[in-house]
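*Asks:* First the structure, which I've put down as structure tokens, then a few questions once you've had a look.
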Amino acid sequence: MKQLFLRSRSLRRFFSSPSSRRCAEENGSAAARRNSVEHEPEAKPVRKPTWRCFSYEEMHRATNGFHQDNLVGRGGYAEVYRGELDDGRVIAVKRLTRAVTDEQKEKDFLTELGTVGHVSHPNVTAFLGCCIDKDLHLIFEFSSLGSVSSNLHNANSSPMAWKLRYKTAVGTARGLHYLHKGCQRRIIHRDIKSSNILLSANFEPQISDFGLAKWLPSEWTHRAVAPIEGTFGCLAPEYFTHGIVDEKTDVFAFGVFILEIISGRKPVDGSHKSLLSWARPYLNDGTIQLLIDTRLGEDYDIDQLKRLTFIASLCIRANATWRPSMAEVLNLIEGGDMSSERWKMPEEEKEQEFWDLDDLDDCGTPTSSSSSMGS
Ligand SMILES: Nc1ncnc2c1ncn2[C@@H]1O[C@H](COP(=O)(O)OP(=O)(O)O)[C@@H](O)[C@H]1O
Ligand SMILES: [Mg+2]
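Just so you know, the working numbering puts 233 at position 234 of the sequence shown, and the rest follows in order with no gaps.
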């Protein structure tokens with residue numbers, strides 16, 4: 000505890016210095032990066048990030064003393080409480096719970112802060128600030144419609160409409176493209192999945208949970224990471240087997256996410272058959288209508304389904320080189336030419352495409368999967 004106190008005092012000094020308030024002086028360099036983006040479909044201006052430190056009293060008041068009734072989510076790493084600030088703004092207060100030592104807790108906190116403090120995009124959960132008194136908290140805008148996971152898999156509510164599923168795929172692609180290409184540094188999220196995509200009050204998908212995110216220096220092709228963390232069922236083969244992380248790690252997970260949106264099936268469920276191995280035969284033989292969530296009946300758009308399944312089949316390719324970038328995904332999802340010729344793989348590469356998640360059953364499961372309450 001003493002250690003946390005001492006460390007947090009130095010954090011407090013850091014946070015109170017004016018230079019720390021610049022948060023992300025990203026606009027200039029981001030503009031430079033954007034010039035080199037292969038595809039820039041968004042005309043929207045990027046908001047400049049601003050965040051501040053909150054006091055523990057403010058957090059305590061806002062969450063009714065961290066009351067259980069305010070607990071809205073619990074993942075593998077944190078508990079999240081709904082709160083209301085004195086000015087009426089509704090917030091999500093994330094309290095990190097995984098770490099057993101104060102040192103690890105601070106590390107987790109700073110890792111996430113180091114990313115969320117620098118990002119600002121309509122499809123990324125807005126970071127409002129942090130609280131370093133007593134405990135370490137990250138504060139975000141509250142996404143009132145919950146996670147995509149809770150919307151997709153709640154058997155007691157009506158099925159998520161196709162239009163919203165498509166909008167979710169498009170918005171998430173935009174958010175990911177921003178993380179990879181639109182902000183100051185390349186950010187690899189590493190845990191793209193339905194419980195980490197939240198829905199705002201106006202049904203806008205927002206990428207959240209940057210607990211595993213990594214920066215990637217521009218001159219690096221990739222980085223090797225250990226331990227391998229993330230969610231079983233969404234991990235790209237090169238990451239699962241060698242810890243290799245780059246943008247294509249997220250592209251792969253995005254492909255699985257699309258399949259989850261289409262089918263309403265979880266990446267792994269109790270049946271020991273992964274979503275990937277279930278979906279692959281339908282993708283390969285073109286019987287894509289069999290992938291649709293049966294709860295939707297005929298209420299879906301066949302052209303959009305063709306587009307999404309085409310994109311998913313590219314994103315989940317075993318060989319990362321043959322996966323598209325998020326810029327290319329965005330182009331496709333927004334109506335770009337779906338030429339099979341353009342994406343054709345050499346025959347010898349196809350041989351390797353039989354890699355499947357279930358092949359890894361013997362390798363043991365890496366870490367965690369987070370679950371959210373109400374999902
Ligand atoms: N900004 C938010 N608004 C509403 N709910 C949230 C928000 N952030 C997180 N949650 C809920 O809390 C859950 C866990 O949060 P997350 O940041 O993913 O923690 P973990 O790192 O433990 O996975 C999410 O799946 C979601 O249900
Ligand atoms: Mg999570």
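We treat Cβ as the ideally placed atom computed from N, Cα and C, and that holds for glycine.
Just so you know, these numbers come straight off a predicted model, no measurement behind them.
Quick check on the DSSP output: what are the complete alpha helix (DSSP H) runs of length 4 or more inside the stretch 51-89, in order along the chain?
*Replies:* Listed in chain order, the complete alpha helix (DSSP H) runs (minimum 4 residues) inside the stretch 51-89 are 55-61.
*Asks:* Would you say E140 touches ligand 1, meaning its beta carbon is less than 7 Å from a heavy atom?
*Replies:* Yes, since a heavy atom of ligand 1 falls inside the 7 Å radius drawn around the Cβ of E140.
*Asks:* Could you check whether P266 and S273 sit closer than 8 Å to each other, using their CB atoms as the reference points?
*Replies:* Yes, the Cβ-Cβ distance between S273 and P266 is below 8 Å.
*Asks:* Quick check on the burial criterion: 16 or more other C-beta atoms within 10 angstroms. Buried or exposed for A42?
*Replies:* With a pLDDT of only 47 at A42, under 50, the local geometry of the prediction cannot be trusted, and the value read off the model is given with reservation. Exposed is the call here.
*Asks:* For a test of the three-state rule: what should DSSP assign to P345, helix, strand or coil?
*Replies:* Coil, per DSSP.
*Asks:* Enumerated in chain order, which unbroken segments of the beta strand (DSSP E) with a length of 3 residues or greater are wholly contained in the stretch 138-178?
*Replies:* For the stretch 138-178, not a single whole beta strand (DSSP E) run of length 3 or above is found.
*Asks:* Strictly by DSSP, which residues pair up with Q205?
*Replies:* Per DSSP, L197.
*Asks:* Sort R294, E297, V255 and A212 by Cα distance to R279 and report the nearest one.
*Replies:* If we check each option's Cα against that of R279, V255 comes out closest.
*Asks:* What's the gap between the Cα of P323 and the Cα of A160?
*Replies:* Near 27 Å, if we compare the C-alpha coordinates of A160 and P323.
*Asks:* Which one of E218, K305 and G296 has the shortest CA to CA distance from T286?
*Replies:* Per the Cα distances, K305.
*Asks:* Do R294 and G269 have their CB atoms nearer than 8 Å?
*Replies:* It is not a contact, given that the beta carbons lie outside the stated cut-off.
*Asks:* In this structure, what does DSSP give as the bridge partners for G128?
*Replies:* For G128, which the question treats as bridged, DSSP gives the partners R51 and I138.
*Asks:* Taking S157 as the reference, give the member of G82, A212, H271 and G296 with the closest Cα.
*Replies:* Residue G296 is the option with its Cα nearest to S157.
*Asks:* Between which residues of its own chain and E340 is the CB-CB distance below 6 Å, once the five residues before and five after are set aside?
*Replies:* So no residue of the chain qualifies.
*Asks:* For S54, count neighbouring C-beta atoms within 10 Å of its own C-beta (all shown protein chains included) and say buried if the count is 16 or more, exposed if not.
*Replies:* Burial call: exposed.
*Asks:* Around the Cβ of R81, are there at least 16 other Cβ atoms within 10 angstroms (buried) or fewer (exposed)?
*Replies:* Counting Cβ neighbours within 10 Å, R81 comes out buried, since at least 16 surround it.
*Asks:* By DSSP, does I243 sit in helix, in strand, or in coil?
*Replies:* Reduced to three states, the DSSP call for I243 is strand.
*Asks:* Can you list, in chain order, the residues of its chain whose CB lies under 6 Å from that of A91, leaving out five sequence neighbours each side?
*Replies:* Around A91: V79, F139 and F141.
*Asks:* Just confirm the distance between the C-beta atoms of N122 and P204, as a whole number of angstroms; I'd bet it's less than 8 Å.
*Replies:* With 8 Å as the limit, N122 and P204 qualify as a contact, their Cβ atoms being about 6 Å apart.
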